[in-house]
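As structure tokens, the structure follows; a few thoughts come after it.
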Amino acid sequence: MFRKILIANRGEIAARIIRTCREMDLATVAVFSEADRTALHVRLADEAVAIGPAPAAQSYLSIERILDAARSTGADAIHPGYGFLSENAAFAGACKSAGVKFIGPSASAIELMGSKTRARQLMQAAGVPVVPGTSEPLADAAQAQAAANEIGYPVMLKAAAGGGGKGMRLAASAEEIPAALERAQQEALNAFGDAAVYMEKAIVGPRHVEVQILADEHGSVIHLGERECSLQRRHQKVLEETPSPWVEQRPEVRQRLTAAAIEAAQAAGYSNAGTVEFLMDSGHNFYFLEMNTRLQVEHPVTEWVTGLDLVREQIRIAAGEPLRLQQSDIRPHGCAMECRIYAEDPYKNYLPSPGLISRLDRPSGPYIRVDSGAYEGWTVPIDYDPLIAKLVAWAPTREEAIARLRGALREYHVGGIKTTIGFFQGVLADPDFCSGAFDTGYIERWQRTRKADSNGAAEHEQAAVLAAAAHFLSNGRPKESRQQSEASAWKLAGRRAMLRE
Amino acid sequence: MFRKILIANRGEIAARIIRTCREMDLATVAVFSEADRTALHVRLADEAVAIGPAPAAQSYLSIERILDAARSTGADAIHPGYGFLSENAAFAGACKSAGVKFIGPSASAIELMGSKTRARQLMQAAGVPVVPGTSEPLADAAQAQAAANEIGYPVMLKAAAGGGGKGMRLAASAEEIPAALERAQQEALNAFGDAAVYMEKAIVGPRHVEVQILADEHGSVIHLGERECSLQRRHQKVLEETPSPWVEQRPEVRQRLTAAAIEAAQAAGYSNAGTVEFLMDSGHNFYFLEMNTRLQVEHPVTEWVTGLDLVREQIRIAAGEPLRLQQSDIRPHGCAMECRIYAEDPYKNYLPSPGLISRLDRPSGPYIRVDSGAYEGWTVPIDYDPLIAKLVAWAPTREEAIARLRGALREYHVGGIKTTIGFFQGVLADPDFCSGAFDTGYIERWQRTRKADSNGAAEHEQAAVLAAAAHFLSNGRPKESRQQSEASAWKLAGRRAMLRE
Amino acid sequence: MKLTVHVNGVERQLDLDKPSESGEPRAFSLEGIEGHADIQAIGPGMYSILLGARCFEAKIEKGDNGYSVVVGGQRFDIAVRDPRKLSRGSAAAAETGPRKLTAPMPGKVVRIMVEEGQVVESGQGLIVVEAMKMLNEIKSPKAGVVKAIPVKQGGSVSAGQVLLVVE
Amino acid sequence: MKLTVHVNGVERQLDLDKPSESGEPRAFSLEGIEGHADIQAIGPGMYSILLGARCFEAKIEKGDNGYSVVVGGQRFDIAVRDPRKLSRGSAAAAETGPRKLTAPMPGKVVRIMVEEGQVVESGQGLIVVEAMKMLNEIKSPKAGVVKAIPVKQGGSVSAGQVLLVVE
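Chains as they are written, first to last, in our numbering: chain A, 9 to 509; chain R, 9 to 509; chain Y, 79 to 245; chain X, 79 to 245.
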């Protein structure tokens, strides 16, 4: 087993990985950019090393600086989390050369799956169904239009190096191709340092279902069931659950789906934790979408129904241990559901809302879990992804899990910035969502057609008016709420003290 | 099913019950004393009714006021929580007369079990082993000394109406009897409004093991396994876990223990959730101690290994539904452990530490649960029990559960008051505790013999000195920490604003 | 205490008693509806309100034009004014004439798609600001001419900073 | 900046640089040990400290006689003094002479077991205060005579309030 693990990431996932390392009695090293000196993952780690300025390209994406940090602290393994360098084959290779274990699959498996086009070819060869599309990156708009004509509109443009919805654009006609391609390429370049974009046929009304797999370095592969991730906004998952209410009704589909995931992993010579993503159409036909060669944001829902700690399993596998579990040991129980809480304003078209968290009350209680990189008094930086927390609930049934999440959202309060907490309160009260009848287009439709919740609206308005009036009368400053003035008073005091010295 | 439930309690348990009601779509009514207007349970409820001044005897123990509150709000059921009126047969009877369902056993079952002496007689008749002792309350010190001579020292004096360690005193010799009796009677009177005290032989080196049972109103009884509650201070449980590491090694003991618990419940004509407490000696012989005819503080550990929501089960049973589960459906998995976080100063002999919570950072993450009635900015009142939160962790093994709790305690921060968080960090690092070799005397011994944790002490001291110096330099006020001055500034602003009006 | 309150743009007249020394519920009259409210501060900008037995909780933050108040998962934009005090030439400024487009959040200007003096249509994309890895296109609120672009491509902007003026 | 620090009663000499504008780690010298510390405030009384790569977190509260500082689950009583400023006749007052016994926490006086003028022994129970349903007996710190009992049975007391004077 390792002695000291460097976590090449930030935010909630870095905090979450540190928690498991601590439980395994492994020392931890955090790395941080100039924007993150006081971030939670730094607070939780045993050691921390500065790796450069705020822009990720100069810090969290710098292979050299991260390996320097590992060397200077004597870390013998690196956990890459998700995003950043987690699916960078060059990084995995550089770790190996530096004699530091990369906690994830081999560089060659990452490279294979990291190129979406090569992965498609591999899956086709292995008999795993894929969505029709181009196997090579698109050179320009003209070539893209030609390819789209062949495949048939609508088409989806996707970053070849990508994942997580970044660098994805839909084009419904030839006219839309040039703008969509430019945007996709620019986002792909910004997010992954690689502008290559390819094309796939857009499946109409698709569901996004994925399978979690675990593979050791001795050839054993098991799956941990599927996750339903169809609730997406701007091609970004916002809510995930397991089991999929859509697959749950069809045991024979689950059988074929999970078997395909294991075939995919085996074809790639895969080891460690990974996720095989599929699109599923209304006839329950599924198509390989991509394989994420790292821990997934939504791994907690799988953890809860299986009782596993996936980070612990990842570390054990990377240390060369064989899988402790056989497929027959995996007997998921109940339903787990996760809401991704973003620092975005749902009342203003989901504009990012970075800034000072002036107050934080997190829900807890029976079967509620919050994974977060935020704390009260911390300033959410503008430089990174706006995911500030994941709220997860478990229950014996989907209906009860939804009710639990609703209650937890009611108790969740983040002051100072805007978040998507209110958005989820709306979604989880929607009958279509509750019945499980949704696809990846659900949220956009729901946003257009939703009515304001008029339940108790008059009473709520009355209470809101009275509170606002009392607040106005008690501090006489309508333009600044008390908490903000307090926070600034505190900052001011700090600055004054520094000047005084 | 009911429509509206009144929760005749306060603190974490009232908040916890409200959460389940909310999930079941049942309206909730909180009751509150003058000390609790801004308590969390009031904030969470749909409705709230003031029931009198701070002293419990005039509010939370007032049957009349609570039934008035139920009538005025139209509540059709009352959940009593634990403590207060939860084991008061007169209250259960008064609810029945008022046509409001009491969520718990019948008044007669409460009465039977509520008198520890009558319960002992019943258990003896049913063949459940009991600790030798008096069957009647003790009249005076002379009678007590006579009884003790017969039983043999050491003896334990116990409140007949009691529970939870209040009104309990050990006497090792005849000389100690008068003082111990007086104290026990006074505490019994204060806590339960009944000074009656009886006597039992004190088992040397005992373990406290209890069995959770569920019984419906149609005669079915099942058990949900045992809980180990031997970690006690001043006869008050401070840490509970399931399974018991002591019973876990002896499946045949568990078999007999759980069978005895079911016999006890059946003998009492018991319905709803209940707990049968046993003392176990070093030879695994167990003795009936008492039956708690209500939800137990430590019920979350049983919930976590069974996947149940015990409050939901209680409500269903009270609504007349038959048990949904058979004994064979109960298959506990893994280990769950709970730390009771008290507002007490472990560095000052556990003196109560009520006051303003100036800062609250609660742990979360994989398999961590916090049930709490506290929030940042709330003032823990001096009038009630100092339990402010329960921290629970689950893991596949006891060893991992301990490691999880340790990590969570590290992330738990309550500012402004003192708590027992640091105490648990010490206990969970102790080899005897980790090996499961402890009895109810463990904590007192551990306190006497523990060495200061010297792990990294020099580094910690250096960091502490630097932080204190930086703090001193940044605000120049050694006598008042910044948070307290802020909090008072806030209060002051509020007061000033009120005067200004 | 008489107050003028705008709730999501609708004007309401409110009369709310001062807090009493003894903490009794405060009498109020809102658009003719009378009642008593027990309003307790439970934190900065956080209030617990009892209307009879009914419990509510309000969280108040500074909003664009007054307060943003959340009760029961619903958000209300509320402006409170003391009618005895001089109104400070409030709220809705002239919607005609030059329009300043401001940055909706802190970020980086990744692209300026127009030039000063250029004629633009309503809804036309003018400038792209990036924050938290999302590109946000700022569109023209009306047809007109770009009068000024006080920011540079690649520069950082803070929330509320003027990006562009369209007349 | 030279400071005198008492840690759990032991005096230490500390020299700590001012915070720099650029946020560089601050040089320090503690009892001859030199180093650099990056000390960042992360909340009221909460500090994140980097000593080289080693991370520490300190939580500071007002203590009985200075600060109560928790680092890594250990609590330290720390008093900091600027030696250039006049010492205010600090810390340990005369242990002889009259001793005031104060309430260790807010609560209610449920029983007074002695009278004014009564001779008491060291360790003898004098008064019982109840808080949170726990009875706490206050014992005499020394042999002597009860000089004053400024509280009444049944009365409420706040933390630090004088309950009894023994001389």
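Even for Gly, the Cβ is constructed at its ideal location relative to N, Cα and C.
Under the DSSP assignment, residue 73/A falls in the alpha helix (DSSP H) whose first and last residues are 71-81. The C-beta of residue 390/A comes closer than 8 Å to at least one C-beta of chain Y. Boundaries for residue 199/R: no beta strand (DSSP E) harbours it, while the alpha helix (DSSP H) harbouring it runs 185-200, taken from the DSSP string. Counting only residues of its own chain and dropping the five nearest sequence neighbours on each side, residue 178/X has a CB closer than 7 Å to the CB of 240 and 243.
In the three-state reduction of the DSSP assignment, residue 300/A falls in the strand class. Between residue 259/A and residue 236/A, the C-beta gap is not smaller than 8 Å, which leaves the two residues out of contact. Counting only runs of 4 or more residues that sit fully inside the segment 407-467 of chain R, the alpha helix (DSSP H) segments are 429-435, 439-443 and 450-457, in chain order. In this structure, the straight-line span from the alpha carbon of residue 80/R to that of residue 339/A is close to 49 Å. The beta carbon of residue 104/R is closer than 8 Å to those of 110 and 115 in its chain, skipping five residues each way along the sequence. Burial state of residue 288/A is buried, judged by a 10 Å Cβ sphere holding 16 or more other Cβ atoms. Per the coordinates, the alpha-carbon of residue 120/R lies some 53 Å from the alpha-carbon of residue 111/Y.
For residue 288/A, the enclosing beta strand (DSSP E) stretches over residues 280-288.
By the 16-neighbour rule on beta-carbons within 10 angstroms, residue 95/R is buried. Those residues of the segment 471-482 of chain R placed with their C-beta closer than 9 Å to a C-beta in chain X are 471, 472, 473, 474, 475, 476, 477, 478, 479, 480, 481 and 482, ordered along the chain. Residue 32/A: not part of any alpha helix (DSSP H); DSSP gives it neither H nor E. Under the Cβ criterion (8 Å, minimum of three pairs), the segment 438-446 of chain R does not count as touching the segment 363-377 of chain R. Spanning the alpha carbons of residue 261/R and residue 215/R requires a straight line of approximately 14 Å. For the segment 371-386 of chain A, there are no residues whose beta carbon sits under 7 Å from a beta carbon of chain Y.
Scanning its chain for C-beta atoms nearer than 7 Å, with the 5 sequence neighbours on each side dropped, one finds around residue 82/A the residues 12, in chain order. Taking 8 Å as the cut-off between beta carbons, the residues of the segment 194-228 of chain A near chain Y are 194, 195, 198 and 199, in sequence order.
The beta carbons of residue 319/R and residue 25/R sit about 5 Å from each other, so the pair counts as a contact at 8 Å. The criterion of a C-beta distance shorter than 8 Å is satisfied by residue 209/A and residue 140/A. For residue 207/A, same chain residues with a beta-carbon under 8 Å away, outside a window of 5 residues either side, are 141, 142, 146, 152, 155, 156, 159, 163, 164, 165 and 166 in chain order. At a cut-off of 8 Å, the C-beta of residue 156/X has a neighbouring C-beta in chain R.
The distance from the Cβ of residue 295/A to that of residue 400/A is about 28 Å, inconsistent with a contact at the 8 Å cut-off.
The C-beta of residue 31/R comes closer than 8 Å to at least one C-beta of chain A. Following the DSSP letters along the chain, one finds residue 325/A inside the alpha helix (DSSP H) bounded by residues 318-326. Between residue 344/A and residue 312/A a beta carbon distance of about 4 Å is seen, short of the 8 Å cut, so the two are scored as contacting. An exposed status is given to residue 148/R, since fewer than 16 other beta-carbon atoms sit within 10 Å of its beta-carbon. Annotated three-state conformation of residue 231/R is strand, per DSSP.
Around the C-beta of residue 280/R, 16 or more other C-beta atoms lie within 10 Å, and the residue is accordingly described as buried. Of the candidates 56/R, 30/R and 21/R, 56/R places its Cα closest to the Cα of residue 40/R.
Taking 8 Å as the CB threshold, residue 45/A lines the interface with chain X. Beta-bridge pairing by DSSP links residue 156/X to 85/X and 145/X. Taking the Cα positions, residue 101/X is about 20 Å away from residue 390/A.
A check of alpha carbon separations from residue 331/A across 384/A, 27/A, 405/A and 225/A identifies 225/A as the nearest.
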